[in-house]
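Protein chains in written order, with my numbering: chain A, 1 to 427; chain B, 1 to 231.
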């Protein structure tokens, strides 16, 4: 016979009393573990929700950017670099620039590899007479796109192929009015030119334009080594940089100005930016809401945990007091036959420890599951295992028996101090 | 042996004082079976508890086996009881949730007893309790319960058994078994101090001591049994 065996048999005999004590410890541990797990789960769920919303935002932004790229690609060039003295009002009126600049400006831009510019195309454009056809035509001389210095941008296919000497390319409406087709030969200013390509209708002034080589145009317009515009494609990969092209270009070409005709893209880019801001705001609001909810839960747990711990301690103390009273005669006879006061006390404390250990284990399991459910991270779901905290496990398994033992200390001491003579005389 | 020398005990309840024992001396030797008789409230149980080291006298001393038990600390006195004294009570005082076997083994809670497992089986057999070994006290008759209490008192082979009205709740048959066991213990060299109202029980003792109002009224007289044996 030893104290453990005595305690276990006594527990088996008074199951209800032990069960009620165990239940109170379980509730106290369950509330503590549940609160910690719930708060941990809340944080985890917040991270998951924010990550999900951020992923949705990224996905939407990516989709919108794809849209812009597609739009830009469909639109072709969206930037025209002009001499700084070029009047935009005159450009609008005449549909071609009237101020000229050196041809090598395009090369300078290419050499500096301006980040936000793709597809540089120098051109010389004027309204010229076409005597053979007895009409005027918007003639554009191009030499093909200027390659950038060591840039992967060169791998992209050019928007416009160069026009070779002795060839001409025509807009759709112009070709139709001249009644010429690809492969025909036309005479312009005394030179026979092969119609290399007739462009599909674009709905712009390009439909009435004729393209020849830059050299040919410079010769006819008597502008050797000169151009009056550089077409480019502005990359709107980063919407925040919209409008910064002017800064980048004039840093390299101080005497240039930039005319953007990408308002649609800009509008859409702005819309995208607004959408991104709205998403960020929504995430901020969600985080604010969840932070408020967390604070409410933390405050509630801050009251509930100590109340349940004190309640459990008081209840265990009451049960142990009742147990001591119930076992008064037993204590008396044990003391009479020589069982020491310390051993009698240890029997009661051992019972309390067992109550604490089993209550702690059950409370740990119940609290973990309940806390996880409350925080919407149910057992088996992603991240649940991360909520199981080793320190909490050890804390519960040490703290619960300690709580029960402390609550039982006075009753156990009272049991040990009982005078066996008094008890036996009363009996 | 137990030597009680000039012990007095006064119980106090508020301003009331009750002199339970007044300058009582008594010596019961090894191998002696002494019965203490007297009217209710004469101090019999007080004397018994005092002899067992459970109740400190206000004056006088108690020696058991040559040791002054009240000169010992509480813990040492408890160990002394566990080694040398066995108790039997009228109300049996068995532990209700332990089996008969575990109740008999209860003294091992105080001190380890070598050969306790064999000894318990021997005692269960001796008191005809083997078939009841796994039962709890609530499943036993009163006679069986007192036999369990007796077995418990004898497990550690004490030098002295103190019995307080052990036959008070028993029929004649069971009372005879208990008294026979106590007499046998004394014959084997143990000391028995029996407190009883029961004339038959007192008659089994080798020596009869009478207490009256806390004083020793008569000591040393042969018991009825001794007179019969002598006659």
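Backbone N, C-alpha and C define an ideal beta-carbon position, used for all residues, glycine too.
On the CB-based measure, 16 or more other CB atoms within 10 Å of its CB, does residue i come out buried or exposed?
i, result
"residue 14/A", "buried"
"residue 93/B", "buried"
"residue 11/A", "buried"
"residue 127/A", "exposed"
"residue 169/A", "buried"
"residue 167/B", "buried"
"residue 86/A", "buried"
"residue 164/B", "buried"
"residue 2/A", "exposed"
"residue 15/B", "exposed"
"residue 303/A", "exposed"
"residue 119/A", "buried"
"residue 408/A", "buried"
"residue 139/B", "exposed"
"residue 281/A", "exposed"
"residue 40/B", "exposed"
"residue 51/A", "exposed"
Specify, as a first and last residue, the run of the alpha helix (DSSP H) that residue i falls within.
i, result
"residue 83/B", "74-84"
"residue 132/B", "Premise fails: residue 132/B is in no alpha helix (DSSP H) and is neither H nor E."
"residue 393/A", "390-416"
"residue 187/B", "172-187"
"residue 191/A", "Premise fails: residue 191/A lies in the beta strand (DSSP E), 191-198, not in any alpha helix (DSSP H)."
"residue 145/B", "142-154"
"residue 173/A", "172-178"
"residue 384/A", "384-387"
"residue 202/A", "From DSSP, residue 202/A is part of no alpha helix (DSSP H); its letter is neither H nor E."
"residue 50/B", "44-51"
"residue 331/A", "328-336"
Mapping the DSSP letters down to three states, classify residue i as helix, strand or coil.
i, result
"residue 98/A", "coil"
"residue 53/A", "helix"
"residue 160/A", "coil"
"residue 13/A", "helix"
"residue 341/A", "helix"
"residue 136/A", "strand"
"residue 86/A", "coil"
"residue 377/A", "coil"
"residue 423/A", "helix"
"residue 361/A", "helix"
"residue 245/A", "helix"
"residue 146/A", "strand"
"residue 97/B", "coil"
"residue 6/A", "helix"
"residue 207/A", "helix"
"residue 24/A", "helix"
"residue 63/A", "helix"
"residue 348/A", "helix"
"residue 254/A", "coil"
"residue 47/A", "helix"
"residue 222/A", "coil"
Residue i lies in the beta strand (DSSP E); which residues open and close that run?
i, result
"residue 59/B", "59-64"
"residue 4/B", "2-13"
"residue 120/A", "117-130"
"residue 19/B", "16-28"
"residue 188/A", "185-188"
"residue 33/B", "33-37"
Report the partner residues of residue i according to the DSSP bridge assignment.
i, result
"residue 68/B", "63/B"
"residue 161/B", "86/B and 192/B"
"residue 141/A", "124/A and 212/A"
"residue 259/A", "80/A"
"residue 215/B", "212/B"
"residue 167/A", "194/A"
"residue 227/A", "101/A"
"residue 233/A", "118/A"
So, is the C-beta of residue i closer than 8 Å to a C-beta in chain C?
i, result
"residue 52/B", "Absent from the structure: chain C. Protein chains present are A and B."
Q | the stretch 399-413 of chain A / the stretch 24-41 of chain B touching (three or more Cβ pairs under 8 Å) | A | no
(Q) Closer than 8 Å is the cut-off here; do at least three beta carbon pairs connect the stretch 29-39 of chain B with the stretch 361-381 of chain A? (A) no
Q.
With three or more beta-carbon pairs closer than 8 Å as the criterion, would you say the stretch 346-362 of chain A touches the stretch 409-416 of chain A?
A. yes
Q.
So, does the stretch 115-125 of chain B touch the stretch 69-77 of chain B, judging by three or more C-beta pairs under 8 Å?
A. no
Q: Flag this pair as touching only if the stretch 223-233 of chain A and the stretch 179-195 of chain A have three or more C-beta atom pairs under 8 Å; answer yes or no.
A: no
(Q) Any contact between the stretch 36-55 of chain A and the stretch 387-395 of chain A? By contact I mean 3 or more CB pairs, one from each, below 8 Å. (A) yes
Q: Check whether the stretch 23-31 of chain A touches the stretch 350-363 of chain A, taking contact to mean three or more Cβ pairs, one atom from each stretch, closer than 8 Å.
A: yes
Q. Below 8 Å, can you find three or more Cβ-Cβ pairs linking the stretch 144-158 of chain B to the stretch 203-212 of chain B?
A. no
Q) Does the stretch 281-293 of chain A come close enough to the stretch 15-23 of chain A to have 3 or more Cβ pairs within less than 8 Å? A) no
(Q) With three or more C-beta pairs closer than 8 Å as the rule, is the stretch 129-136 of chain B touching the stretch 170-189 of chain B? (A) no
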